[in-house]
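Peer 1:
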Amino acid sequence: MPYTVTKLTDYSEAALDSAVRGLFSALDSEATTVSSDTDWKAFRDRWMARKNGVLTQVNDLWLKPAPKDAKREVGQRVNEIKKRVEETVDQTAERSKSDSSVLDSERLDISLPGIHRPIGAEHPVIKTMNEIVSVFRNLGYSVSEGPEIETDYYNFESLNFPPNHPARDTQDTLFIANQESKPLRERLLLRTHTSPVQIRTMEKLKPPIRIVIPGKVYRNDPPDASHSPMFHQIEGLAVDYNIKFGDLKGTLDHFIKALLGSSVKTRFKPSFFPFTEPSAEMMVSCFICGGSGWRGNDPCRPCKQSGWIEILGCGMVDPNVFEFVKDNGYDPKKVSGFAFGMGADRLAILKYGVDDIQLFFQGDVRFLEQFS
Ligand code: 2NL
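For any residue, its number in our numbering is found by taking its place in the sequence shown, counting from 1, and adding 656.
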């Protein structure tokens, strides 16, 4: 039976003693059952609530009806009771906080498996681009970027592509739809190389300049193991008042040795681009077979047993290109420059021995996590 306060009929000292003892013993025994914060709140309210708490009942049932000559004595007892109740409620609060059941409810189960959050890694193509950019930054080159949707003017005309050049064919270039009503040079397309950014940069910065441009480019190629309608290119451009083909050779030879190791050799073979004259292809001794053409008893596939790999296209900037930016200080009679471009995906394929360019763009974590 829970303790209840009952009216007093006898206000003698002995009767008061007994009533107070009964109350204290109920207080102490109820305090020992408090074992959580919720328990403690209930305990506190039972004893101290203004409305119907035990203290209030003691006041109403013991003190108020007490005869005049007992009032003083009862008043003192009530004060004692109040003090004891308050002390006990306070002490119980501390104990309920350190109680084992509270610790139980707040315990972290460190044996539960955590939420697995794999750490991301640089994509192999981006990693390759960053390595290339880093070599040129160390040579004092700046990095530029530009739009992926371009006009015919920046993508073709200003780069010395004649009006009927086959690169403009829809077989090769991805055009934005419904542009036929515009003059040719204003028609929009997905840039097929990063060269337009070189023109845009020459419009903004006067010579001398040294820039590299990494970025996505687009071609109307059906995807297969070595083609993707979107791929990555890095181009570079150096324009100054006395740039010669030897500067091109020295710079690009240094670049490829910094990227692949100082033991590779380079050679240049004549080529053609509309925007450079003369133009060349830089070959690097095969860094997969070491130039021997063989990997053990197997023929080296990446260099087709030749011992050489075509790594980039380059050349001296065609004076016709400078004509388009002549007003900003690029007088072809005064300035000269070299330019080069390479496919970052192709380089990554060679570096990591990947056999399908599509793997770079499918987002399969099982492929990508091999580079983390
Ligand atoms: C390649 C070849 C090349 C350039 C890009 C260039 C840019 C300007 C003027 C002259 Cl503004 N040239 N860029 C020059 C030679 C080659 O890229 O095979 N790219 C994947």
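Even glycine gets a Cβ: it sits at the ideal position worked out from N, Cα and C.
#1: So what does DSSP say about L719, is it helix, strand or coil?
#2: Within 10 angstroms of its Cβ, does Q889 collect 16 or more other Cβ (buried), or is it exposed?
#3: For T597, report the span of its beta strand (DSSP E) as first-last.
#4: For ligand 1, any of its heavy atoms closer than 8 Å to the Cβ of C942?
#5: Between V741 and W703, how many whole angstroms is the CB-CB distance? I'm expecting something under 8 Å.
#6: Return yes when the Cβ of S761 is within less than 9 Å of the Cβ of S691, no when it is not.
#7: Can you give me the C-alpha to C-alpha distance between R843 and P819, rounded to a whole angstrom?
#8: With a threshold of 8 Å (Cβ to nearest heavy atom), would M785 be considered close to ligand 1?
#9: With distance defined between alpha-carbon atoms, name the residue in C970, V920 and G971 nearest to G946.
#10: At a threshold of 8 Å, does M1043 count as lining ligand 1 (C-beta to nearest heavy atom)?
#11: Buried or exposed for V853, please, with buried defined as at least 16 other CB atoms from any protein chain shown within 10 angstroms of its CB.
#12: Tell me whether F931, by its Cβ, gets closer than 8 Å to a heavy atom of ligand 1.
#13: List the DSSP bridge partners of D896.
#14: Between T829 and T848, which are expected to be in contact by the criterion C-beta below 8 Å, what is the C-beta distance as a whole number of angstroms?
#15: With distances taken from CA atoms, which of R751, D987, P658 and P878 is nearest K697?
#16: Taking 8 Å as the cut-off, is the C-beta of I855 nearer than that to any heavy atom in ligand 1?
#17: Using CA coordinates, which residue listed in F931, L846, A1000 and G770 is at the minimum distance from I782?
#18: Here's the rule: buried if 16 or more other CB atoms are within 10 angstroms of the residue's CB, otherwise exposed. What is F928?
#19: Compute every distance between the C-beta of A823 and the non-hydrogen atoms of ligand 1, then say whether any falls below 8 Å.
#20: Do F901 and F994 come within 9 Å of each other at the CB atom, strictly closer than that value?
#21: Mind checking whether the beta-carbon of L815 lies closer than 8 Å to any heavy atom of ligand 1?
#22: Could you pull the start and end residues of the beta strand (DSSP E) that M938 belongs to?
#23: Within this structure, are the beta carbons of Y659 and L672 separated by less than 9 Å?
#24: Is it a yes or a no for the stretch 951-964 touching the stretch 976-984, going by three-plus beta-carbon pairs under 8 Å?
#25: Is it buried or exposed for T688, if we count other Cβ within 10 angstroms and need 16 for buried?
#26: I need the DSSP call for P769, collapsed to helix, strand or coil.
#27: Determine the direct distance from the alpha carbon of R856 to that of K862, and round the result to whole angstroms.
#28: Verify whether the separation of the beta carbon atoms of V714 and V734 is less than 9 Å.
Peer 2: Well, looking at it:
#1: The three-state reading of DSSP puts L719 in helix, counting H, G and I together.
#2: buried
#3: In the structure as shown, the chain begins at 657 and stops at 1028. Residue 597 is therefore absent and cannot be evaluated.
#4: No, the beta carbon of C942 sits no closer than 8 Å to any heavy atom of ligand 1.
#5: Taking C-beta atoms under 8 Å as the contact rule, V741 and W703 qualify, at a distance of about 5 Å.
#6: no
#7: 13 Å
#8: False, no ligand heavy atom lies under 8 Å from that Cβ.
#9: V920
#10: No statement about residue 1043 is possible, as the shown extent of the chain runs from 657 to 1028 and does not include it.
#11: So V853 counts as buried.
#12: Within the cutoff, so yes.
#13: S992
#14: 6 Å
#15: Closest option to K697, Cα to Cα, is R751.
#16: yes
#17: A1000
#18: exposed
#19: no
#20: yes
#21: Under cutoff, so the answer is yes.
#22: Counting along the chain, the beta strand (DSSP E) containing M938 begins and ends at T932 to S941.
#23: no
#24: no
#25: exposed
#26: coil
#27: 11 Å
#28: With respect to V734, V714 sits close: the two C-beta atoms are nearer than 9 Å.
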